[in-house]
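Asker:
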Amino acid sequence: MEDRLILIIEDERELAEILRDYLAVEGFKAILAFDGEEGLRAFETVHPGFVLLDIMLPKMDGIEVCKRIRIQSDVPILMLSAKSGEMDKVISLGIGADDYVTKPFSPLELVARVKAHLRRYRSQEPKENTSRTLIVGKLKLSKDYYEVLYEDKKLEFTTKEFDMLYFFGNHLNLVFSKEQIYEQIWGMNEYGDISSVATYIKRIRNKLDEYGLDYIRTVWGVGYKMTV
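Going by the numbering used here, the first residue of the sequence shown is number 1005, and it counts up by one from there.
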């Protein structure tokens, strides 16, 4: 995977070309696709380091494309939408997108978001000669490999889901507000939306619930904690 290679899946050709040019100024190379099926084929062929993905696409919509990418990769995905409805944002984050932007937007801001997510993604790569493993109840969390094991079965978590789970595992029984969690997982300098916290908490809970692991608790009016 080449993190300087950006896949833009956008049916508005003029917008896609504008984004390609802005990214080129920052040293990125962009591959363009103009419908969902073409975009998915391009992803599986070129293995980009980042995906800009429009929701409203011909042949296969962006939601379905995102789902299929997430099955095979945790590459950062930023969704683009002409709609301003909250539901699109919730759905996008719920299926594994890392960020969401509503049109019209500033190309400069979008490029800044791409760079911020890539910095975060690179920082999550395993480091040599370090061992960062947590045993949390019936879970084994390895930050070297971004791996979650339950009784030797590997559970699938995205990078940010893992970060959140690992953060809670390092601070068992301590309560954190949405603001505190957002700062720890996304960072003060990264673009995003604090409402993402609740969405990611829900996704983590759903995955743990499949194995009867009720570890993430809501402390009403305060925030969340992890209790084993």
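Even glycine gets a Cβ: it sits at the ideal position worked out from N, Cα and C. Note that the coordinates shown come from a computational prediction; the quantities given were computed from them, not determined experimentally.
Go to Ala1020, then tell me how far its alpha helix (DSSP H) extends in each direction, as first and last residue.
Answerer: For the purposes of this step, residue 1020 is taken as the residue at position 16 of the sequence shown. Element bounds for Ala1020: Arg1017 to Val1029.
Asker: With 16 other CB atoms within 10 Å as the buried threshold, where does Ala1020 fall?
Answerer: Working through the sequence shown from its first residue, we reach residue 1020 at position 16. With 16 or more other Cβ atoms within 10 Å, it is buried.
Asker: Exposed or buried, Tyr1204, counting other C-beta atoms within 10 Å across all chains shown (16 or more means buried)?
Answerer: Walking along the sequence shown from the start, residue 1204 turns up at place 200. The residue is buried, with at least 16 neighbouring Cβ atoms inside 10 Å.
Asker: Classify Thr1137 as helix, strand or coil using the three-state DSSP reduction.
Answerer: Locating residue 1137 in the sequence shown gives position 133, where the first residue counts as 1. Here Thr1137 sits in strand by DSSP.
Asker: Taking only three categories from DSSP, how would you classify Gly1100?
Answerer: Here residue 1100 refers to the residue found at position 96 when the sequence shown is read from its first residue. In the structure shown, Gly1100 sits in coil (DSSP, three-state: anything other than H, G, I, E or B).
Asker: Kindly list the residues whose CB is nearer than 8 Å to the CB of Leu1082, restricted to its own chain and excluding five residues on each side of it in sequence; keep chain order.
Answerer: Within the sequence shown, numbered from 1, the residue matching residue 1082 stands at position 78. Phe1054, Val1055, Leu1056, Leu1057, Ala1101, Asp1102, Asp1103, Tyr1104, Val1105, Leu1114, Arg1117, Val1118 and His1121.
Asker: Which partner residues does Phe1180 have in the DSSP bridge list?
Answerer: Within the sequence shown, residue 1180 is the residue found at index 176, counting from 1. For Phe1180, which the question treats as bridged, DSSP gives the partners Tyr1228.
Asker: Counting beta carbon pairs with one atom in the region 1038-1049 and one in the region 1006-1015, are three or more of them shorter than 8 Å?
Answerer: Three or more beta-carbon pairs separated by less than 8 Å link the region 1006-1015 to the region 1038-1049, which places the two stretches in contact.
Asker: What do you get for Ile1208, buried or exposed, if any count of 16 or more other CB atoms within 10 angstroms of its CB means buried?
Answerer: What you label residue 1208 is simply residue 204 of the sequence shown in a count that begins at 1. It is buried - the Cβ of Ile1208 has at least 16 other Cβ atoms within 10 Å.
Asker: Would you decide whether Pro1062 is buried or exposed? Buried here means 16 or more other CB atoms lie within 10 Å of its CB.
Answerer: Locating residue 1062 in the sequence shown gives position 58, counting from the first residue. Classification of Pro1062: exposed, given that the 10 Å Cβ count is below 16.
Asker: Would you tell me roughly how many angstroms separate the C-alpha atoms of Leu1178 and Tyr1215, rounded to the nearest one?
Answerer: In the sequence shown, the residue the question calls residue 1178 occupies position 174. In the sequence shown, the residue the question calls residue 1215 occupies position 211. If you take the alpha carbons of Leu1178 and Tyr1215, they lie about 23 Å apart.
Asker: Let me know the secondary structure DSSP gives Thr1162 once reduced to three states.
Answerer: The residue you call residue 1162 lines up with position 158 of the sequence shown. Three-state result, Thr1162: coil.
Asker: Buried or exposed: where does Ser1110 fall if 16 or more other Cβ atoms within 10 Å of its Cβ makes it buried?
Answerer: On the sequence shown, position 106 is the one that residue 1110 refers to. With fewer than 16 Cβ atoms within 10 Å of its Cβ, Ser1110 is classed as exposed.
Asker: Measuring alpha carbon to alpha carbon, tell me which of Phe1161, Leu1176, Leu1097 and His1051 ends up nearest Ile1220.
Answerer: The residue labelled residue 1220 in the question sits at position 216 within the sequence shown. Considering only alpha carbons, the answer is Leu1176.
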